[in-house]
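Numbering (the numbering used here), first residue to last: 813 to 1205.
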């Protein structure tokens, strides 16, 4: 009889290791990212989806087009957040725990085609990724922003600009006038601290920035609070401006790079809200038209895109264009979850596979007889591979 200790010795991985139950796309800690990548299981179906996306992404510079949006769907627990996160990390080729994310992911899949595609992407299409969960409170001005505003604010932060839109607009304008370094130096003189470290404290930073502007240009800003009174809450963000700024600011701060947004839980954010869905449609259209293949967007949803659109009967025709804006649609099936779970938890080491295979061969007849139902229900015949995969369930 097999003892608990001998069962433990069958597995390829430590059965007592911690496995995150929920993947958060905006979790950026190196050790957590490394573990997530090491635990990620790529089934044949998932691999096919990745190869299709990577192939389309690689071909875009040679054949610029507006079809830059990817819709990833699957019910809760299907792995859509993991899929989107791995996609963003590997395309960006972020350094994770001192190692290339693209190389780590490619090795994890053990697929030659995917390895070639990712190598070509990282060598010829360097990419900046903005990865976030839109359902999470990001603390940007208020809790009632449009998707456009949220994407714009996080894009600016990813490039090193202030998270407050008025402050970031000031930085962008000063940068264009080649005056940003002068502003930062004046701030350091006045407040004896660095602007980059303090600009996140919005309530103080706004008034301090106003005082700096008064010091630099007292004619335009005669009082210490002149600037903040003139601009407070004036930033106006539209899908078109988001796309235009993506072009402009990527050239400034990430020259030569493409841009990819990975937005988790968009389906939950826009569901049953016509205005939010129209905003999403406008964002995708603007990024496609203005970027011509340089700006991509990946979104996730529990529902397929067609299901969301069909639920809005009064705007179905108007939103039909949204379907065309997402030429790449991935749906993760329940069968993938079963395979991922068994491979992540029950994967055996090589000696165990040999021993279990021999055990199955020796007792094939008895195992088949004892796992066959006799009530008129026909089940797939127990195979050698299934026996190894599922043992000791």
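Beta carbons are placed, not taken as given, at the ideal position from N, Cα and C, and that holds for glycine.
Answer with buried or exposed for residue i, where buried requires no fewer than 16 other C-beta atoms within 10 angstroms of its C-beta.
i            : result
residue 1048 : exposed
residue 1107 : buried
residue 1087 : exposed
residue 861  : buried
residue 918  : buried
residue 946  : buried
residue 921  : buried
residue 1084 : exposed
residue 961  : buried
residue 895  : buried
residue 1051 : buried
residue 951  : Because residue 951 sits at a pLDDT of 45, beneath the cut-off of 50, its placement in the model cannot be relied upon, and the point is left open.
residue 1035 : exposed
residue 1100 : buried
residue 849  : buried
residue 967  : buried
residue 872  : buried
residue 916  : buried
residue 913  : buried
residue 1009 : exposed
residue 1006 : exposed
residue 1017 : buried
Helix, strand or coil for residue i? Go by DSSP, reduced to three states.
i            : result
residue 1029 : coil
residue 1112 : strand
residue 984  : helix
residue 1098 : helix
residue 1001 : helix
residue 1175 : coil
residue 1072 : strand
residue 853  : coil
residue 990  : coil
residue 971  : coil
residue 1144 : coil
Tell me which same chain residues have a C-beta within less than 8 Å of the C-beta of residue i, skipping the five on either side of it?
i            : result
residue 957  : 965
residue 1024 : 995, 998, 999 and 1002
residue 1068 : 938
residue 1012 : 974 and 975
residue 867  : 929
Should residue i be flagged as near chain C, meaning a C-beta pair shorter than 7 Å?
i            : result
residue 1067 : Considering every chain present, this structure includes no chain C. It has just one protein chain.
So, for residue i: in the same chain, excluding its five sequence neighbours on each side, which residues have a beta-carbon less than 6 Å away from its beta-carbon?
i            : result
residue 927  : 918
residue 1014 : 976
residue 953  : In this prediction, residue 953 scores a pLDDT of 41, lower than 50, which makes its location untrustworthy; the coordinate-derived value is nonetheless stated afterwards. Correct list: empty, nothing qualifies.
residue 854  : 921
residue 1037 : 1022
residue 1033 : 1025, 1026 and 1039
residue 1065 : 971
residue 887  : 1114
residue 891  : 1144
Once the 5 residues before and after residue i are set aside, which same chain residues still bring their CB inside 7 Å of it?
i            : result
residue 877  : 1105
residue 1056 : 1102
residue 982  : 1021
residue 865  : 882, 899 and 1140
residue 859  : 921, 923 and 926
residue 1133 : 1093
residue 852  : 894, 898 and 920
residue 1096 : 881, 1109 and 1137
Run the proximity test for residue i: is its beta-carbon closer than 6 Å to any non-hydrogen atom belonging to the ligand GTP?
i            : result
residue 1018 : Although the ligand GTP was asked about, the structure shown includes no ligands whatsoever.
>> Any contact between the region 899-913 and the region 928-940? By contact I mean 3 or more CB pairs, one from each, below 8 Å.
In response: yes
>> Suppose only complete runs of 4+ residues qualify. What are the alpha helix (DSSP H) ranges in the region 870-956, listed by chain order?
In response: Uninterrupted alpha helix (DSSP H) stretches at least 4 residues long and entirely within the region 870-956 occur at 892-904, 913-921 and 924-936, given in chain order.
>> With three or more beta-carbon pairs closer than 8 Å as the criterion, would you say the region 1109-1123 touches the region 1079-1086?
In response: yes
> If we count Cβ pairs, one from each stretch, closer than 8 Å, do we get three or more for the region 1131-1143 versus the region 877-887?
Replying inline: yes
>> Under 8 Å: do the region 844-853 and the region 889-903 share three or more Cβ pairs, one atom per stretch?
In response: Taking a cut-off of 8 Å for Cβ pairs, the region 844-853 and the region 889-903 touch, as three or more such pairs fall below it.
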